[in-house]
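*Asks:* What follows is a structure written as structure tokens; I'll ask about it next.
Protein chains: 2
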Amino acid sequence: MKEGPDIAQIGALIGDPARANMLAALIGGRALTATELAGVGGITVQTASTHLAKLEAGGLLTQRKQGRHRYFTLADEAVARLIESMMGFAAGRGHLRHQPGPKEPALRKARICYDHLAGDYGVRMLDSLIASGSIEAVGEGLGLTEKGEGDLKCIGIDVGDLRSSRRPLCRSCLDWSERRAHLAGSLGKALLSSFLDKGWARRTAESRSILFSPEGDRQFLMLFPVDP
Amino acid sequence: MKEGPDIAQIGALIGDPARANMLAALIGGRALTATELAGVGGITVQTASTHLAKLEAGGLLTQRKQGRHRYFTLADEAVARLIESMMGFAAGRGHLRHQPGPKEPALRKARICYDHLAGDYGVRMLDSLIASGSIEAVGEGLGLTEKGEGDLKCIGIDVGDLRSSRRPLCRSCLDWSERRAHLAGSLGKALLSSFLDKGWARRTAESRSILFSPEGDRQFLMLFPVDP
DNA sequence: GCGATGCTTCGGTTACGATCGAACTATGAA
DNA sequence: TTCATAGTTCGATCGTAACCGAAGCATCGC
């Protein structure tokens with residue numbers, strides 16, 4: 001009975017509501033200070049500090065000191081995937097805190113998931129990439145095709161650069177609001193970054209939602225069509 | 001801060017050591033009674049009973065009454081995958097309770113993972129199926145090829161039957177002792193079942209390990225060769 | 001230097017949940 | 001029927017961890 005990895009430890013880390021809220025906030029991808037995290041956790045800074053220390057000791061978070069601020073982020077993408085997969089699992093069982101899916105329509109439409117695009121627009125983009133033959137799907141896996149590599153070059157994404165990182169190029173990530181897959185991995189990140197760089201969309205201050213400009217919206221829908 | 005699925009709830013369910021031990025025992029795939037689960041959890045039956053009630057209320061377990069026994073199993077494969085993914089995550093962070101990987105060499109060699117083969121033999125089988133062109137791998141996804149369908153027919157597995165179930169045919173499952181993927185899904189289950197039916201291997205009473213007979217061992221290694 | 005801000009550490013309180021003994025229910029066997 | 005086994009429910013204990021106020025560092029701006 002004592003064999004194997006200790007899942008109770010990380011389960012307990014995630015099992016506290018305040019800590020869970022902090023982790024959920026951090027899959028927004030941006031680094032947050034201890035005070036901000038105390039806010040999302042609904043607790044005082046003292047309490048948050050001890051929670052954050054535990055999460056860091058457990059290897060779920062890393063902190064970066066910058067002046068008199070301490071910025072916390074998820075330790076790596078594996079943590080984000082774990083949290084997301086638990087969210088997907090919980091959503092599938094109806095363990096929702098309020099409505100099914102994100103409350104605000106904006107969140108449901110487009111939001112950030114660690115560092116890539118999720119929500120309605122996220123699944124639409126992946127669907128379109130598959131339909132156009134840029135990405136092939138086998139089982140739950142995703143792979144970039146030669147055609148896809150060319151197409152991406154046209155919109156300014158050099159896949160060669162992405163390959164050099166150890167991180168997988170394409171990854172499927174289950175969207176818990178749409179209950180379908182969207183594109184993660186370094187390619188997912190690069191695509192979202194390019195939208196932000198082009199000014200098609202921007203992140204909001206306090207939320208995970210992504211706001212598309214009217215022009216960006218038009219461009220996005222044209223670039224990633226879905227046939228009826 | 002209140003949006004989204006409640007991961008704290010299931011985190012807390014898994015976060016208790018006694019409950020985590022029970023869940024880990026149940027990914028062995030066989031139904032266990034409350035008394036047996038109390039044993040693996042290292043607690044009395046009264047305590048186990050309350051734990052099991054909570055796990056059932058949380059949707060992680062289902063129970064089946066049979067005479068004066070109550071047999072508990074994981075609610076479905078999604079629970080098994082969640083536990084396994086948490087094990088993989090924990091193993092990657094070095095959150096081990098004792099040695100890295102399973103303690104007994106037998107467990108490391110071949111063990112059951114919910115309903116399919118894991119351990120050294122599990123990853124070997126998948127490697128061999130990919131090398132022979134029976135299964136194709138794209139990203140993290142797995143798909144059965146036409147050649148594979150024919151090959152499987154030869155060893156007595158009718159893929160058509162498997163397709164009728166809603167469960168995915170091929171699924172990749174991260175092996176936490178080998179740190180590599182092995183084959184899950186209904187095909188993984190069917191393959192293990194056939195080994196057991198043929199008498200090549202048998203399950204052990206109290207452990208997750210799978211014991212191959214000398215003849216079964218020979219057949220298995222011949223059927224799933226790996227080139228150097 | 002000074003005060004203000006961000007965060008951690010300390011100390012003490014509180015509450016929840018894990019635990020078990022004992023009593024109770026249900027099924028099976030004699 | 002009676003006894004034994006399997007399991008749940010009740011009641012009470014106990015420990016731990018979450019929590020916050022207050023004090024202590026560290027860093028910034030002045």
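First to last, the protein sequences are chains A and B. Quick note on numbering: UniProt numbering labels position 180 of the first sequence as 180, and the sequence is numbered without any gaps. Quick note on numbering: UniProt numbering labels position 44 of the second sequence as 44, and the sequence is numbered without any gaps. Ideal Cβ positions, reconstructed from N, Cα and C, are used throughout, including at glycine. This structure is a prediction, so every number in the text was calculated from the model and none was measured.
Could you please tell me which residues of the region 72-91 of chain A, in chain order, have their CB closer than 7 Å to any CB of chain B?
*Replies:* Going along the region 72-91 of chain A in chain order, one finds 78, 82, 83, 85, 86, 87, 89, 90, 91 with a Cβ nearer than 7 Å to chain B.
*Asks:* Quick one: is residue 1/B near chain A, going by C-beta distance under 7 Å?
*Replies:* Confidence is the limiting factor: at residue 1/B the pLDDT is only 39, short of 50, which leaves the residue's position unreliable, though a coordinate-based value still follows. True, the Cβ-Cβ gap to chain A drops below 7 Å.
*Asks:* Ignoring anything shorter than 3 residues, give me the beta strand (DSSP E) runs that lie fully in the region 56-136 of chain B, in order along the chain.
*Replies:* Segments of the beta strand (DSSP E) lying fully in the region 56-136 of chain B: 61-66, 69-74, 111-113, 116-118.
*Asks:* Identify every residue that forms a DSSP beta bridge with residue 212/B.
*Replies:* Answer is 201/B.
*Asks:* Using beta carbons (cut-off 7 Å, strictly below), is residue 105/B in contact with chain A?
*Replies:* It does not: the Cβ of residue 105/B has no partner Cβ on chain A nearer than 7 Å.
*Asks:* Distance check for residue 67/B and residue 186/A, CA to CA, integer angstroms please.
*Replies:* Rounded to the nearest angstrom, the two C-alpha atoms are 54 Å apart.
*Asks:* Given that a residue counts as buried once 16 or more other Cβ atoms are within 10 Å of its Cβ, and exposed if not, what is residue 135/B?
*Replies:* Residue 135/B should be labelled buried.
*Asks:* Applying a beta-carbon distance threshold of less than 9 Å, which residues of chain B neighbour residue 15/A?
*Replies:* Chain B residues near residue 15/A: 7, 8, 9, 10, 11, 12, 13, 14, 15, 16.
*Asks:* Does the region 191-206 of chain B come close enough to the region 136-151 of chain B to have 3 or more Cβ pairs within less than 8 Å?
*Replies:* No, the region 191-206 of chain B does not touch the region 136-151 of chain B.
*Asks:* Judging by CA-CA distance, which residue of 105/B, 126/B, 31/B, 21/B is the nearest neighbour of residue 177/B?
*Replies:* The candidate whose alpha carbon is nearest that of residue 177/B is 105/B.
*Asks:* Per the DSSP calculation, residue 171/A is bridged to which residue(s)?
*Replies:* Paired residues: 184/A.
*Asks:* Rounded to whole angstroms, what is the Cα-Cα separation between residue 190/A and residue 116/A?
*Replies:* Their backbone Cα atoms lie some 8 Å apart in a straight line.
*Asks:* When Cβ atoms are compared, which residues of the region 170-184 of chain A fall closer than 9 Å to chain B?
*Replies:* From the region 170-184 of chain A, only 170, 171, 172, 176, 177 have a Cβ closer than 9 Å to chain B.
*Asks:* If residue 48/A sits next to residue 59/A, beta carbons under 8 Å apart, how far is it from one beta carbon to the other, in whole angstroms?
*Replies:* The Cβ separation is near 18 Å, so there is no contact.
*Asks:* Would you please verify whether the beta carbon of residue 286/A is less than 7 Å from any beta carbon of chain B?
*Replies:* Given a span of 1 to 228 for chain A in the structure shown, any question on residue 286/A remains unanswerable.
*Asks:* Which residues in the same chain have their Cβ closer than 7 Å to the Cβ of residue 202/B, if we skip the five residues on either side of it in sequence?
*Replies:* The residues are 196, 211.
*Asks:* Between the C-alpha atoms of residue 192/B and residue 208/A, what's the straight-line distance to the nearest angstrom?
*Replies:* C-alpha separation (whole angstroms): 44 Å.
*Asks:* Cβ atoms of residue 8/B and residue 17/A: under 7 Å apart, would you say?
*Replies:* Contact: yes.
*Asks:* CB-CB under 6 Å to residue 29/B, same chain, minus the five flanking residues each way: which ones, in chain order?
*Replies:* Once the five neighbours on either side are set aside, the close Cβ partners of residue 29/B are 112, 114, 115.
*Asks:* Use the C-beta contact count for residue 5/B: other C-beta atoms within 10 angstroms, 16 or more gives buried, fewer gives exposed.
*Replies:* Buried, by the Cβ-count rule.
*Asks:* Please confirm if residue 199/B has its CB atom under 7 Å from at least one CB of chain A.
*Replies:* By this cut-off, residue 199/B is not an interface position.
*Asks:* Taking the beta strand (DSSP E) that residue 29/A falls in, what are its first and last residues?
*Replies:* Here residue 29/A belongs to no beta strand (DSSP E), and DSSP marks it neither H nor E.
*Asks:* Beta-carbon separation of residue 119/B and residue 108/B under 7 Å?
*Replies:* Yes; because the gap between Cβ atoms is below 7 Å, this pair is in contact.
*Asks:* How about residue 23/A and residue 83/A: are their beta carbons less than 7 Å apart?
*Replies:* In this structure, residue 83/A lies closer than 7 Å to residue 23/A by Cβ.
*Asks:* Need the endpoints of the alpha helix (DSSP H) that residue 148/B sits in, please.
*Replies:* Segment 146-154, the alpha helix (DSSP H) holding residue 148/B.
*Asks:* Within 7 Å of any Cβ in chain B, is that where the Cβ of residue 142/A sits?
*Replies:* Yes, its Cβ sits closer than 7 Å to a Cβ of chain B.
*Asks:* Do you know offhand how far residue 130/B's Cα is from residue 222/B's?
*Replies:* If I take the Cα positions, the gap works out to 15 Å.
*Asks:* When the Cα of residue 133/A is compared with those of 145/A, 141/A, 125/A, which residue comes out closest?
*Replies:* Measuring from the Cα of residue 133/A, the nearest candidate turns out to be 145/A.
*Asks:* Return the residues of the region 108-139 of chain A that lie within a Cβ-Cβ distance of less than 9 Å from chain B, sorted by chain order.
*Replies:* Against chain B - using a Cβ distance shorter than 9 Å - the residues of the region 108-139 of chain A are 136, 137, 138, 139.
*Asks:* Which residues in chain A sit within 7 Å of residue 93/B, going by Cβ to Cβ distance?
*Replies:* The contacting residues are 59.
*Asks:* From residue 179/A to residue 81/A, what does the alpha carbon distance come to, in whole angstroms?
*Replies:* Straight-line Cα distance between these residues: approximately 15 Å.
*Asks:* Confirm, please, whether the CB-CB distance from residue 34/B to residue 70/B is below 7 Å.
*Replies:* Yes, they are a contact pair.
*Asks:* Which word fits residue 206/A, buried or exposed, when buried means at least 16 other C-beta atoms lie within 10 angstroms of its C-beta?
*Replies:* Exposed is the call here.
*Asks:* For residue 53/A and residue 12/B, I'd like the C-alpha separation in whole angstroms.
*Replies:* In a straight line, the C-alpha of residue 53/A is about 19 Å away from that of residue 12/B.
*Asks:* Would you report the Cα separation of residue 124/A and residue 226/A, rounded to the nearest angstrom?
*Replies:* Near 7 Å, if we compare the C-alpha coordinates of residue 226/A and residue 124/A.
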